[in-house]
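The structure appears below as structure tokens.
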Amino acid sequence: MTTGITGYIAGDAFYALYQKHPEYEYSALVRTQAKADAVKKAYPAVKTVLGGLDDFETLKKAAAEADVVLHAADASDHEGAARAIAAGILEGHSKSRPGFWLHTGGTGILTWEDTKYDRLGEPSEKVYNDWNGIEELTNLPDEAFHRNVDKIVLEAGSKHSDVIKSVIVAPPTIYGNGRGPISGRGRQVYELAKLVLTKQYTPVIGQGQARWNNVHVHDLSDLYVLLTEAAVNGNTSTELWGEKGYLIVESGEHVWGDLAKSVGQAAVDLGYLESASVRALGKDQALDQAGFEAVSWGLNSRARAERANKVLGWKASRNSLEEEVKTIVKSEQERL
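The C-terminal residue of the sequence shown carries number 336 in full-length UniProt numbering, and the numbering is unbroken.
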């Protein structure tokens, strides 16, 4: 069962999964009949379940009936949905037939220190690691972004480890063209390109020295495929599920100020702007210009992804973010 199939992450993950395993039986939670129709048009064999994340019983029932749950619809911040999925898997599964839960978190959780001390655009040498630093990742402070939902997943997967096989997939900045039935657009870099094109300047938050990891959406989808295959094949390794089930998914790192300048230069090179002068923004100015997305361009979120490679053999192979900048700027220009 998939949530978020009409969105960017799960839409692309589902595409990759369906292409490789058309023999699986699929179901998807969708909010409206119109979206259900769009999903059915792309994937006639998929069973659609009408409901939203607040529909506890609907989500619980769908999770109870599914062998594998891929949760990516506002997954990192909706407590009710996480509790419904946990309750459903626990009710519908057993030690002899455990349920697998692929939960989508996000490395925004790693910005907690910058947020706590109100730092923007400053460099940081702190780099998390999902292999030799796994306990640090699974015990981050309660005030950290996404932590409230992470705790629900981690508790379910450790307290009921024989029935619930949970893993948190934490992607950073995601880029690349999504192949889902409705949404194929990422957020952070795409909103950055939109601001450059519409406001006609290059925004740099504070000193512009904060760094964040990134990953191509197709590489991220490859991991969801590997995780689903592991679940279907009965891989119950404790290095993958439960207390250690926390996977950072990254293939590179960018400096926000440098990336913004690359986007501005691409807009000029493509003939969309005559110039894209740099403008430094503080927190309030950033919020005013583009909301929280803009503030994130001044925060550090640094980690190394080792666990997915060591346990599942995952490797990123798509174009780097730098190689995709012009394509992103073009796609945003076409949307205007």
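Beta carbons are placed, not taken as given, at the ideal position from N, Cα and C, and that holds for glycine. Since the model is a prediction, treat every value here as computed from it, not as a measurement.
| Item | Value |
| --- | --- |
| At which residue ranges does the segment 190-216 contain complete beta strand (DSSP E) runs of 3 or more residues, listed in the order of the chain? | 202-205, 211-216 |
| On a CA-only basis, which of I164, W112, Y117 is nearest N139? Give me that one, please. | W112 |
| Between which two residues does the beta strand (DSSP E) containing I164 stretch? | 164-170 |
| If we call anything under 9 Å between Cβ atoms a contact, is A28 one with V49? | yes |
| Terminal residues of the continuous beta strand (DSSP E) containing Y246? | 246-248 |
| Assuming L281 and I205 make a contact with CB atoms under 8 Å, what is their CB distance in whole Å? | 6 Å |
| Suppose the cutoff is 6 Å on Cβ atoms and the five residues either side in sequence are ignored; what does the same chain contact list for G51 look like? | L29, T58 |
| Quick one: Cα of T202 to Cα of A86, how far? | 44 Å |
| Here's the rule I'm using: 16 or more other beta-carbon atoms within 10 Å means buried, otherwise exposed. How should E332 be labelled? | buried |
| Looking at P171 and T104, is the spacing between their C-beta atoms short of 9 Å? | yes |
| Which residue's Cα is closest to the Cα of T115: K47, W297, V163? | W297 |
| What does the Cβ neighbour count give for L220, buried or exposed, with the cut at 16 atoms within 10 Å? | buried |
| Using only alpha-carbon positions, find the residue among T327, K310, E250 that is nearest to D269. | T327 |
| On the CB-based measure, 16 or more other CB atoms within 10 Å of its CB, does V68 come out buried or exposed? | buried |
| Should H93 go down as buried or exposed, given a rule of 16 or more other Cβ atoms within 10 Å for buried? | buried |
| DSSP on L70, reduced to helix/strand/coil? | strand |
| Can you tell me whether K60 is buried or exposed, with buried defined as 16 or more other CB within 10 angstroms of its CB? | buried |
| What alpha helix (DSSP H) runs, 4 residues minimum, are completely inside the segment 125-180? | 134-137, 147-159 |
| So is V325 in contact with chain D if we call contact Cβ pairs under 9 Å? | Annotation note: the requested chain D is absent from the structure, which comprises a single protein chain. |
| Could you give the distance in angstroms between the alpha-carbon of G178 and the alpha-carbon of G7? | 9 Å |
| Can you tell me the Cβ-Cβ gap for residue 343 and I164, rounded? I've got them flagged as a contact below 8 Å. | Residue 343 is absent from the structure shown; the chain starts at 1 and stops at 336. |
| Provide the residue(s) that pair with K47 in DSSP beta bridges, ordered along the chain. | S27 |
| Please report the straight-line C-alpha distance between S158 and Q200, rounded to a whole angstrom. | 50 Å |
| Between the alpha carbons of P22 and T107, how many angstroms are there, rounded? | 31 Å |
| Using only alpha-carbon positions, find the residue among Q209, A316, P44, E274 that is nearest to L223. | A316 |
| If you follow the alpha helix (DSSP H) that L299 is in, where does it begin and where does it stop? | It is not in any alpha helix (DSSP H) - L299 carries neither H nor E in the DSSP assignment. |
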